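Report on the following structure.
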Amino acid sequence: MIVDTKVFSSLVILCAVSLGHAAASELQWKDATSLEIEGKGWAKTAGPFDRLPDSAKLKVNEVARAQSTDSAGIGIRFVTDAPSVSVRWSLRKGGLAMPHMPATGCSGLDLYARVASGEWRFVGNCRPDKQEGNLSTIEFADGGKAKRECLLYLPLYNGTTSLEIGVPPGSHLDKPPARPEALRKPIVVYGTSITQGGCASRPGMVWTSILGRMLDRPVINLGFSASGDMAAPVGEVLAELDPAVYLIDCAWNMGAPQDVYFDRTTQLVQTLRKTHPVTPILFIGQSLIRPEAHPTDLTQRQEVAVQRLQKEGVEGLIMIGGTDLIGDDGEGTVDGVHYNDIGMQRQAQYLFPIVSKVLSEPTTSASAKPRVYIDTDMAAEVDDPYAVFRALVAPELNVVGLSAMGWDGPHDFVTNTHASQKMNEEVLAILKLSDRVSHPIGSLHAMKDATTPVESPAARDIIAKAKETPAGQKLHLFTLGAYTTVASALMIDPSIKDKLAVYVMGYLYKDGRLIPDESNTRGDLHAAGHLLKCGVELHVMPNTTLRKFQWSKAEMDSHFKGRPGVPDYLIKRWESYAPNDAQRTVWDIAVFEAYLRPKLATQTQIVQDGVKIHVWTAADIPGMKADYWAATKSE
């Protein structure tokens, strides 16, 4: 999702302590507890918007116990057709702000509405001026012509003792439909004052809530200022919940010796694994505004602790470094530590592709690997076999198919397709994978029009592989070349759309839109158009992102020349295809590097003509090269 600074024309920000056209007594009021409360881990708490039950308060330190009554991360979801929404609320504490955090963030409320594209958009905020009896109204510019889904975020550093939502007479205010089953499990975040929201300007701008909107999934915020120390028995508290993933963001509060760090990390993980044996646990490193200080000592201590557990056989642990969380320009904090809105947004955007990928992978077994299918014009260029080799030797992937596609020029489409098929078979034979990886031939011509698919063994194999993918998982289909085969498979059997995640090289990315005007898309413009509009989960590595993805023959030789097997095959491929070229663009490698190592690429979610699409907008080319050579070193 693009976190934009523009507000849709259909929404207007308007917040006032007066109620305009309707007096408070004329409104229809509902207690917020009668609507949908999200971001709250336990139904029964002493206060309606407390974050911990009494039983859990005994398992955290005194500071966290007090802060658990702050309503950070909790939101009220509802639907209304009203032209305006009024809110009256009372607070637990009289101190409305902090020296480095405004009252709008500490004690205010934020209203978001879902727009036609499915995105959440900021509408307005409610600004407190006292402890008891605050009153605000937020109006919609479209006059409430149709029902809209809304999400009202509660204060980050104050407790909410009472909350009512009112609408004008004749308007409706109701509980919303349940979230889709696949999006109901929350993300649980345990951490520090930054996690709690210090120091966002308003509640919707804490990074946990931004991430929740980007993923369109509930997030339970268990951030406690100066108390994210992983001290036992906090793991027992976290284990009571049933999330899709745990995010542990405690590095800033872990100024303990290495042995203490290891003991606490071990206890936390072991406690969670007793009741959640396969739930992913992501450990986030320490952010710091000084680039030269990374990786910080606290991040390295965390990595040592997690790596020890991994070596002991504990699976499903993922480390996220702190280097790139909030950028390197020093603009992401209010005081060198606590985030401003820039830092909050950057951390959410950095974590989004990582968490999204984790959520898309199977969790029925901690050792389960994503099923991958590759459709490639192997003989069209130098880079395809180099990229395919990277995927075939990746221990993280279960490659189940490798199909061939063609292109026009210099030979005819059919000849080129068979040439690619021959190379696929040769590479699989060298790696002794011919029996394990299916390798059907793909389309023998491009689509003749926008509605007629091209039948091929590969299209049918993709359909079969998608349908046999276990429930809750997807077949990850990588297309390196024209998109005829994958588009045809989706047209032949549209029911596989929700079983596929498609990754392609191609398109141009300009002004927030993907344009089918480069070599891969021109190979079949009808297929390229279909992928953009059909609604399949689509990840695009555009030409515009990787125009400088140049690799030299000299560096290829230094790593592969003289090595038997596929390395020798790849060197000979370069020398036979481009004998006089000292360097080539080998961008097909990048899509696998971006998938396998999310931190090496920046991915943004756009909405184009009503369809959500994931676009890689930047790539760490030196990092991708280093990872490629490390991954293929012993193969």
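Under mature numbering (1 follows the signal peptide of the UniProt record, and there is no 0), read the sequence shown as residues -24 to -1, 1 to 611, first letter to last. In this text, a Cβ means the ideal position worked out from N, Cα and C, and glycines have one as well. All of these numbers come straight from a predicted model, not from anything done at the bench.
As computed with DSSP, THR80 is found in no beta bridge at all.
In the DSSP assignment, VAL583 forms a beta bridge with LYS588. When beta bridges are read from the DSSP output, HIS452 appears opposite VAL348 and ALA477. Judged by DSSP in its simplified three-state form, ARG539 adopts coil rather than helix or strand. Counting C-beta atoms within 10 angstroms of its own C-beta, ASP30 has fewer than 16 neighbours from the protein chains shown and is therefore classed as exposed. Counting the other CB atoms within 10 Å of its CB gives HIS502 a total of 16 or more, which places it among the buried residues.
For TYR133, the three-state secondary structure derived from DSSP is coil. With 16 or more other CB atoms across the displayed protein chains lying within 10 angstroms of its CB, VAL562 is buried.
Non-local C-beta neighbours of GLU279 in its own chain, meaning closer than 7 Å and more than five positions away in sequence, comprise MET295, ordered along the chain.
Scanning its chain for C-beta atoms nearer than 6 Å, with the 5 sequence neighbours on each side dropped, one finds around ARG277 the residues GLN234 and TYR237, in chain order. Uninterrupted beta strand (DSSP E) stretches at least 3 residues long and entirely within the stretch 146 to 183 occur at 163 to 167, given in chain order. Ranked by Cα distance from ASP105, the first of THR80, PRO156, LEU378 and LEU466 is THR80. Contact check for GLY261 against ALA227 passes: the beta carbons are separated by less than 8 Å. If the five residues before and after ALA554 are omitted, its C-beta is found closer than 7 Å to the C-beta atoms of VAL358 and ARG560, all from its own chain and listed in chain order. Shown here for GLU2: same chain residues with a beta carbon closer than 8 Å to its own, the five before and five after excluded, namely PRO144 and PRO145 in chain order. Contact between LEU484 and THR460 does not hold, since their C-beta atoms are separated by about 20 Å, which reaches or exceeds 8 Å. Under DSSP, TYR315 forms a beta bridge with THR309. Per DSSP, the continuous alpha helix (DSSP H) segment holding ASN400 begins and ends at 389 to 406.
Approximately 30 Å separates the beta-carbon atoms of ASP351 and GLY292; this is outside 8 Å, ruling out the contact. For ASP469, there is no enclosing beta strand (DSSP E), since its DSSP letter is neither H nor E. Listed in chain order, the non-local C-beta contacts of LYS151 below 7 Å within the same chain comprise LEU11, GLU12 and PHE54, local neighbours out to five positions each way being set aside. The stretch 581 to 594 and the stretch 507 to 515 touch, with three or more beta-carbon pairs separated by less than 8 Å.
For PHE54, DSSP records a beta bridge to CYS126. Check the Cα spacing between ALA594 and each of VAL516, ALA606, LYS424 and VAL583: the tightest is with VAL516.
In this structure the stretch 487 to 505 lies against the stretch 445 to 465, because at least three pairs of beta carbons, one per stretch, are closer than 8 Å. At a Cβ-Cβ threshold of 8 Å, GLU115 and LYS6 do not count as neighbours.
MET190 is a Cβ neighbour of ALA324, given a cutoff of 8 Å. If you draw a straight line from the Cα of MET600 to the Cα of GLU569, it is about 6 Å long. When Cβ pairs closer than 8 Å are counted between the two stretches, the stretch 330 to 338 is seen not to touch the stretch 397 to 406, the count staying below three. In the same chain as ALA73, and ignoring 5 residues on each side of it, the C-beta atoms closer than 6 Å to its own belong to ALA79 and CYS82, in chain order. Ranked by how close their Cα comes to the Cα of ASN197, the residues PRO219, ASP225 and VAL165 have VAL165 in first place. Of the candidates VAL375, LEU217, LEU274 and GLY211, LEU274 places its Cα closest to the Cα of GLY231.
Judged by DSSP in its simplified three-state form, TRP65 adopts strand.
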